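What follows is a set of notes on a single structure, which appears directly below.
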Amino acid sequence: MIESAIAWLLHVLAAPEVGLTSVFIISLVSATLVPLGSEPAVFAVIKANPELFWSVIAVATVGNTLGGAIDYYIGWQAKQSFAKERKSRWFHWLERYGAKTMLLAWLPGIGDPLCTLAGWLRLPFWPSVAYMAVGKLLRYLTMTTLLLYVPDGVWHRIGQMLG
1 MIESAIAWLL HVLAAPEVGL TSVFIISLVS ATLVPLGSEP AVFAVIKANP
51 ELFWSVIAVA TVGNTLGGAI DYYIGWQAKQ SFAKERKSRW FHWLERYGAK
101 TMLLAWLPGI GDPLCTLAGW LRLPFWPSVA YMAVGKLLRY LTMTTLLLYV
151 PDGVWHRIGQ MLG
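Each residue of the sequence shown is one higher than the one before, counting from 1 in full-length UniProt numbering.
Here it is as structure tokens:
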């Protein structure tokens, strides 16, 4: 049952008429503490509709930044529950460099918790979100541009191996 639900969801998300909506949702969810990558969705929509390159990049950046802001809020609210953790070097590093550390919010594995810690430390919200957005924009531009340079034959072979 779960497999059929996942197959249905993937089918719906792959539909061209919901491409930008799908990119937004996947980018938002992937920026929360849920382990999900948004780059394949961004690349797939751009590959299918090259004329939407900047629209997809913008939507993915907004969704991913909003997800980072959600992480920030979670950290803001969780501060009292975990006050003893404040002694770790992550906190010292974030306190020292402030909102600029959100440029690293794009990093896999540590970027999302970093946003949560920023909220926990109550770093200034709007500067944190602005730095998150810049870092995430640069990630999407870099990853998508690199993936677009991979020849189509490679993608077809990968599809044959998986399918």
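Think of the CB as a built atom: it goes at the ideal place given N, C-alpha and C, for glycine as much as any other residue. As the structure is a prediction and not an experimental result, all values here were calculated from the model.
What residue does the alpha helix (DSSP H) around residue i start on, and which one ends it?
i	result
residue 34	Element bounds for residue 34: n/a, residue is neither H nor E.
residue 45	39-48
residue 127	125-148
For residue i, which residues of its own chain have a beta-carbon under 8 Å away from its beta-carbon, when the five flanking residues on both sides are left out?
i	result
residue 43	143, 144, 147 and 148
residue 73	119
residue 45	19, 20, 22, 23, 52 and 56
residue 75	115, 116, 117, 118, 119, 120 and 121
residue 98	123, 124 and 127
Spatial neighbours of residue i within its chain, please: CB distance less than 7 Å, with the 5 preceding and 5 following residues excluded, ordered by chain position.
i	result
residue 121	91, 94 and 95
residue 100	131
Considering only residues of the same chain and omitting the five flanking positions on each side of residue i, which have a CB-CB separation below 6 Å?
i	result
residue 68	31, 105, 115 and 132
residue 29	36
residue 27	38, 60, 63 and 64
Which class does residue i belong to by DSSP, given the choice of helix, strand or coil?
i	result
residue 151	coil
residue 107	coil
residue 63	helix
residue 157	helix
residue 163	coil
residue 121	coil
Would you say the beta carbon of residue i comes nearer than 7 Å to a heavy atom of the ligand GDP?
i	result
residue 128	Inclusion of the ligand GDP in the displayed structure is not the case, the ligand content being empty and no account of it being possible.
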